[in-house]
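S.K.: So for the sequence shown, this note's numbering puts the first residue at 396; every next one is plus one.
Virtual Cβ for every residue (Gly too), placed ideally from N, Cα, C.
Fair warning: this is a prediction, and the values are worked out from it, not measured in the lab.
Below are the structure tokens for one structure; questions will follow.
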Amino acid sequence: MISVKRLRSVAQSTAHHGVSGLCYLHPHLGEDCKRQGVQVAKIDLISHPEQQNSQAMDPITLASDALRQKFGKILSSEGGNVDELEVAIALFTFELDPWPTACMVSLKTIDGKKVDSAVCINGKCLPYKSLSIPNGRLFSPAMDKALTYRPLNVTDTREVSELVARGFNEFVAPECSSEGVQEFHRYIQSNAFRTRAQTNHFSLITLDQDKIVGVIEMRDHHHISLLFVTPEFQYRGIAKELLRQALQICRANRPRLSEISVNSSSYAVPIYEKLGFRAAGERQVKNGIGFIPMVLKLKNQPDDSHRL
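See the structure below:
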């Protein structure tokens with residue numbers, strides 16, 4: 396469940412960047428944004444009037460329709476180029492898995508003709524002209540060019556521990572018992588990272604300049620123990636690249652490696668499915684932590700990046 400604090404930060408970011416329109420997938424987000432003076436085009440996954448079956452909800456269709464209904468007439472009446480609206484919708488509706496909590500689109504007319512658009516994902520606003528969409532994934536090259544990847548050092552463990560704790564507390568802890576939360580926090584203590592690094596584990600991290608924004612930890616060169624990306628840097632291919640580089644190391648140490656396994660939280664299942672993993676069993680609970688076992692089947696090539 397997304398926190399009220401998170402909702403407010405999205406609304407404030409929306410207003411701060413001058414975004415004039417919002418399509419959202421959370422029933423409480425609209426009120427915060429209205430208080431910030433932001434126009435709202437509502438998409439309610441639970442009670443949308445045109446949706447007969449919430450199980451069959453198509454958020455892409457809903458988002459596109461909401462944008463057209465909200466901004467189409469405005470652009471036409473002000474001499475805006477409706478084709479630009481289609482561009483914004485295309486960017487807005489590219490496959491994002493899992494679907495973001497909130498997506499915002501700014502549509503403004505310049506000299507009555509040109510439309511300047513921006514796309515925002517979970518509070519991160521990007522001018523659409525600077526965006527590229529490799530493999531259907533939405534991100535800004537200007538924002539990602541500074542990202543670097545390297546092995547975890549002993550001096551990194553405290554920062555990594557804090558990064559993982561934030562992600563776990565927000566996205567995973569709600570499905571764990573109190574015992575499970577305590578168990579996980581013991582697992583990610585700084586000294587625990589150092590101990591595992593001396594045995595059968597290795598970790599890679601992603602840095603935005605000198606800030607750690609992602610981490611993957613592998614056990615026995617075939618099992619993902621941890622894979623976390625800080626929320627502000629999600630939907631930018633970081634998890635995919637961490638896994639790709641980790642696979643290279645695993646292959647070098649286990650040339651006959653045929654699969655990678657992970658015990659996924661319910662929240663992360665769609666993310667792992669996007670990376671090629673498939674469920675390998677029913678949901679289980681161990682030490683108070685619920686998980687779904689998943690595997691990624693590998694081919695015989697040293698680099699399986701085509702699978703990710």
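Can you find the residues in the same chain that come closer than 6 Å, C-beta to C-beta, to phenylalanine 597, ignoring five residues on each side of it along the sequence?
M.R.: Met613
S.K.: Nearest-angstrom Cα distance between serine 573 and serine 661?
M.R.: 17 Å
S.K.: Could you tell me the alpha carbon to alpha carbon distance between threonine 552 and threonine 625, rounded to whole angstroms?
M.R.: 15 Å
S.K.: Does DSSP put lysine 694 in a helix, in a strand, or in coil?
M.R.: Residue state, collapsed to three classes: coil.
S.K.: Would you mind giving the Cβ-Cβ distance between isoleucine 611 and leucine 621, rounded to the nearest angstrom? I have them listed as a contact below 8 Å.
M.R.: 7 Å
S.K.: Using DSSP bridges, identify the partner residues of alanine 674.
M.R.: For alanine 674, DSSP records a beta bridge to Met689.
S.K.: Ignore the nearest five residues each way along the sequence and tell me which others in valine 567's own chain have a CB closer than 7 Å to its CB.
M.R.: Ser660 and Tyr662
S.K.: Which residues bound the alpha helix (DSSP H) around threonine 590?
M.R.: 585 to 592
S.K.: Determine the direct distance from the alpha carbon of asparagine 595 to that of aspartate 615, and round the result to whole angstroms.
M.R.: 5 Å
S.K.: In angstroms with no decimal places, state the Cα-to-Cα distance between alanine 674 and serine 556.
M.R.: Cα to Cα, alanine 674 sits roughly 27 Å from serine 556.
S.K.: Who are the Cβ neighbours of leucine 558 in its own chain at under 7 Å, not counting the five residues just before and after it?
M.R.: Non-local beta-carbon contacts of leucine 558 in its own chain, meaning distances under 7 Å to residues more than five positions away in sequence, involve Ile607, Val610, Phe623 and Thr625 in chain order.
S.K.: Is the beta carbon of valine 690 sitting closer than 8 Å to the one on isoleucine 633?
M.R.: no
S.K.: May I have the straight-line CA-CA distance separating leucine 693 from leucine 652, to the nearest angstrom?
M.R.: Cα to Cα, leucine 693 sits roughly 8 Å from leucine 652.
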